[in-house]
Amino acid sequence: MRSCAKWRIGSIFLLALVLIGTVGATAQITLADFDRALSAIPLGAHDRILQAIDLGLATPGFPASGLLSLIERLAAVPAASEDKELVLLLFTRALEARMSIDGLLPIGFDLADALEEGLPVEGVILEAFKGIAQGSPVAVIEEGIRQRLILLQEVRDLLFTRGIFRATPGGSGSSPTALPPARFDQLVVQIADAVSDYLEGGGSPFEGAALYALVADRLRRLPATVVLPEDVDLVLDRIGPADLTQVALAAMT
Amino acid sequence: MKTDDIEIVLRDTLRSEVAASAHRLEGLESQIVAELGDRLPRPRFVDWAKSLLAPTRAGRIGQLAVVGATAAVFLIVGTLVTPNRSLAPTLLPALGPAQAARSSHEVLFVVPALDAERVAVVGDFNAWEETPLADENEDGIWTASIPLSPGRYEYAFVIDGRWWGQDPSADEYVRTFGQYSSVRYVGGGGDGV
């Protein structure tokens, strides 16, 4: 009986220690930690980002450790610092708009993964900026961004299967369908964006012809400085309505 | 009250509201045209070039300035032309000057907002951060001219904090997160500027 009581007291003491340790670890994250982590990425908006984090730190329930992990993850990703800065600005904007960033953190890590994969995420992040400017709920923004990230992957994979490639920098580039990275990325971005707009506008993925017409119209209206007409012809020649239906369905499921 | 009666009351109220505000819309079109016209006259390049070639001290200083500016332009272009960056318009506010340097189209945004106190435009071009519009002669027509490189741009007006995404002069509209935004194609094959 007595040993049981001792055991109980011991357990409670241990639990208390663990709790104190956890709370202590969270409380130990300061603005200086963020400053240090951010310094690992060349940022034009370092001060603005830090200011927003400072705002967040003063808010109860601020996921300091999660955000710090994201910054460290971004610092380790081999991608352009401009793109990493865009991801951080997404959190900055949300904090400035007094939004809870809890729901955005998983998206931040998804974006870091996408950057690591070499996906062109600038347009996706701009959509998130738009959502914040509109005052949309975090959950709605999160869903929209997740869908757009899937679309980027699906469209890129579709182009691969149709023999349109992203030429590796410094590669021989002998194939006419191995496009320079910027041109390939633009095709992916514009097609994914058009499909996303179609779906968000209430279009059915099963109406492949309508979806194809919208994508074709979008690509043909873009200035040649954004997408070359020969690239548009190439891609419209190699993909069809059924392909876009598959892409749209993949993003919806 | 019957449904028909409510409809009549509503119709009468609307009619009286429209009649009361009609005087404010008189000449609106000519005001817009006049305002746009006011923006057109700019210092002519030919006149400016002639002044530079004139055999005066100011002309010589100007010649030196042109040489310096040309060198600066070459330097800027040299730093901007970097491989592996997207061809898309660069949209980070932090990169704004770079975008401005590549811009080739002054795009005019116009919105009538008669009683508004604050009007701004947000869009892809300013990373959805507000760029204020001005109503210099206080006629309720708010304008802003923004230099944009060729591309497709989504945007909306924010009138006294309210989202206004259906600009009649847009090329198309998109619906994202449940709200409309306008779209303009700048340069190239679009119907835009």
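Here the protein sequences line up with chains P and V, keeping their order.
Per the numbering used here, the first sequence starts with residue 1, numbered consecutively.
Per the numbering used here, the second sequence starts with residue 1001, numbered consecutively.
Note that the Cβ used here is the ideal one computed from N, Cα and C, for glycine as well.
Which residues DSSP lists as bridging Ile1159/V, in chain order: Within the second sequence, the letter at position 159 stands for residue 1159/V. Beta-bridge pairing links Ile1159/V to Val1119/V and Arg1162/V.
CB contact below 7 Å: Leu126/P versus chain V: Here residue 126/P refers to the residue found at position 126 when the first sequence is read from its first residue. With 7 Å as the cut-off, Leu126/P counts as an interface residue toward chain V.
Touch test, the segment 99 to 113 of chain P against the segment 211 to 226 of chain P, Cβ-Cβ under 8 Å, three pairs minimum: no
Three-state secondary structure assigned by DSSP to Ser1182/V: Here residue 1182/V refers to the residue found at position 182 of the second sequence. Three-state DSSP puts Ser1182/V in a strand.
Length of the line joining the Cα atoms of Arg36/P and Ile145/P: By 1-based counting over the first sequence, the position of residue 36/P is 36. By 1-based counting over the first sequence, the position of residue 145/P is 145. Looking at the two C-alpha atoms, the distance is approximately 29 Å.
Distance, Val1174/V Cα to Met99/P Cα: Position 99 of the first sequence, counting from 1, holds the residue named residue 99/P. Position 174 of the second sequence, counting from 1, holds the residue named residue 1174/V. Each residue's alpha carbon lies about 25 Å from the other.
The segment 1129 to 1141 of chain V / the segment 158 to 167 of chain P touching (three or more Cβ pairs under 8 Å): no
CB contact check: Asp197/P to chain V, cutoff 7 Å: Translated into the one-based positions of the first sequence, residue 197/P becomes position 197. Answer yes: the Cβ-Cβ gap between Asp197/P and chain V drops below 7 Å somewhere.
Interface flag, Arg1175/V vs chain P, CB-CB below 7 Å: To locate residue 1175/V, count along the second sequence from 1; it is residue 175. Yes, Arg1175/V counts as interfacial toward chain P.
CA-to-CA distance, Glu96/P to Asp102/P, given in whole angstroms: As a first step, residue 102/P must be located in the first sequence, where it is residue number 102. As a first step, residue 96/P must be located in the first sequence, where it is residue number 96. Taking the straight line from one Cα to the other gives about 14 Å.
DSSP-derived helix/strand/coil call for Leu43/P: Taking the first residue of the first sequence as position 1, residue 43/P is located at position 43. If DSSP states are grouped into helix, strand and coil, Leu43/P belongs with coil.
Three-state secondary structure (DSSP) of Glu1129/V: As a position in the second sequence, residue 1129/V is number 129, starting the count at 1. Glu1129/V: coil per DSSP, three-state reduction.
CB contact check: Trp1128/V to chain P, cutoff 7 Å: Taking the first residue of the second sequence as position 1, residue 1128/V is located at position 128. With 7 Å as the cut-off, Trp1128/V counts as an interface residue toward chain P.
Touch test, the segment 1150 to 1161 of chain V against the segment 178 to 185 of chain P, Cβ-Cβ under 8 Å, three pairs minimum: no
Ser1104/V versus Arg221/P: straight-line alpha-carbon distance, rounded: In the second sequence, the residue the question calls residue 1104/V occupies position 104. In the first sequence, the residue the question calls residue 221/P occupies position 221. Roughly 18 Å separates the two Cα atoms.
Residues near Ala1049/V in its chain [Cβ-Cβ closer than 8 Å; skip 5 each side]: Here residue 1049/V corresponds to residue number 49 of the second sequence, with the count starting at 1. Residue placement at Ala1049/V cannot be trusted, given a pLDDT of 38 that sits under 50; the coordinates are not used to answer.
Beta-carbon proximity list for Leu86/P, same chain, < 7 Å, skipping 5 on both sides: In the first sequence, counting from the first residue as 1, residue 86/P sits at position 86. Result list for Leu86/P: Glu122 and Ile125, in chain order.
Beta-carbon proximity list for Ala40/P, same chain, < 7 Å, skipping 5 on both sides: The residue you call residue 40/P lines up with position 40 of the first sequence. Cβ neighbours of Ala40/P beyond the five flanking positions: Ala75.
Residue-chain proximity (Gly1140/V, chain P), Cβ-Cβ < 7 Å: If you number the second sequence from 1, residue 1140/V lands on position 140. No, its Cβ sits nowhere closer than 7 Å to a Cβ of chain P.
Same chain, Cβ closer than 6 Å to Arg1152/V, five either side skipped, listed in chain order: Along the second sequence, one-based indexing puts residue 1152/V at 152. Hits under 6 Å: Tyr1185.
Residues of the segment 1147 to 1171 of chain V whose Cβ lies closer than 9 Å to any Cβ of chain P, in chain order: Ser1149, Pro1150, Gly1151, Arg1152, Glu1154, Ala1156, Val1158, Trp1163, Gly1165 and Asp1171
Within-7 Å CB hit, Tyr1180/V to chain P: As a working note, residue 1180/V is residue 180 in the second sequence. No - not a single Cβ of chain P is within 7 Å of the one on Tyr1180/V.
Local conformation of Ile150/P per DSSP, three classes: On the first sequence, residue 150/P is found 150 positions in, with the first residue counted as 1. Helix, per DSSP.
Residues in the segment 1104 to 1135 of chain V having any Cβ partner in chain P nearer than 7 Å: Val1122, Asp1124, Ala1127 and Trp1128
Any C-beta of chain V under 7 Å from that of Leu88/P: As a working note, residue 88/P is residue 88 in the first sequence. Output row for Leu88/P: interface = no.
CB-CB length for Leu119/P against Leu152/P, believed under 8 Å: Locating residue 119/P in the first sequence gives position 119, where the first residue counts as 1. Locating residue 152/P in the first sequence gives position 152, where the first residue counts as 1. That pair is a contact at about 5 Å.
Under the three-state DSSP convention, the category Phe1177/V falls into: Within the second sequence, numbered from 1, the residue matching residue 1177/V stands at position 177. If DSSP states are grouped into helix, strand and coil, Phe1177/V belongs with coil.
Assigned exposure category for Glu154/P - 16 Cβ within 10 Å defines buried: Residue mapping note: residue 154/P aligns to position 154 of the first sequence, counting from 1. That one is buried.
Range covered by the beta strand (DSSP E) that runs through Ala250/P: Here residue 250/P refers to the residue found at position 250 of the first sequence. Element bounds for Ala250/P: not the beta strand (DSSP E) but the alpha helix (DSSP H), Pro241 to Met252.
Extent of the continuous beta strand (DSSP E) to which Thr1241/V belongs: Because residue 1241/V is not part of the residues shown, which for chain V are 1001 to 1193, the question remains open.
Spatial distance of Ala1134/V from Pro1112/V (CA atoms): As a first step, residue 1134/V must be located in the second sequence, where it is residue number 134. As a first step, residue 1112/V must be located in the second sequence, where it is residue number 112. One C-alpha to the other measures close to 11 Å.
Per-residue burial, Pro205/P [other beta carbons within 10 Å of its own, 16 or more giving buried]: For the purposes of this step, residue 205/P is taken as residue 205 along the first sequence, with counting starting at 1. Buried is the call here.
Three CB pairs or more closer than 8 Å across the segment 1142 to 1156 of chain V and the segment 1116 to 1129 of chain V: yes
Contacts around Ala79/P, its chain only, beta-carbon distance under 6 Å, and the 5 residues preceding and following it disregarded: Here residue 79/P refers to the residue found at position 79 of the first sequence. Answer for Ala79/P: Leu115, listed in chain order.
Residue-chain proximity (Val247/P, chain V), Cβ-Cβ < 7 Å: As a first step, residue 247/P must be located in the first sequence, where it is residue number 247. It does not; no Cβ of chain V falls within 7 Å.
Top-ranked residue by Cα proximity to Ala194/P, from Pro176/P, Arg148/P and Pro223/P: Translated into positions along the first sequence, residue 194/P becomes position 194. Of the listed residues, the one whose Cα sits closest to Ala194/P is Arg148/P.
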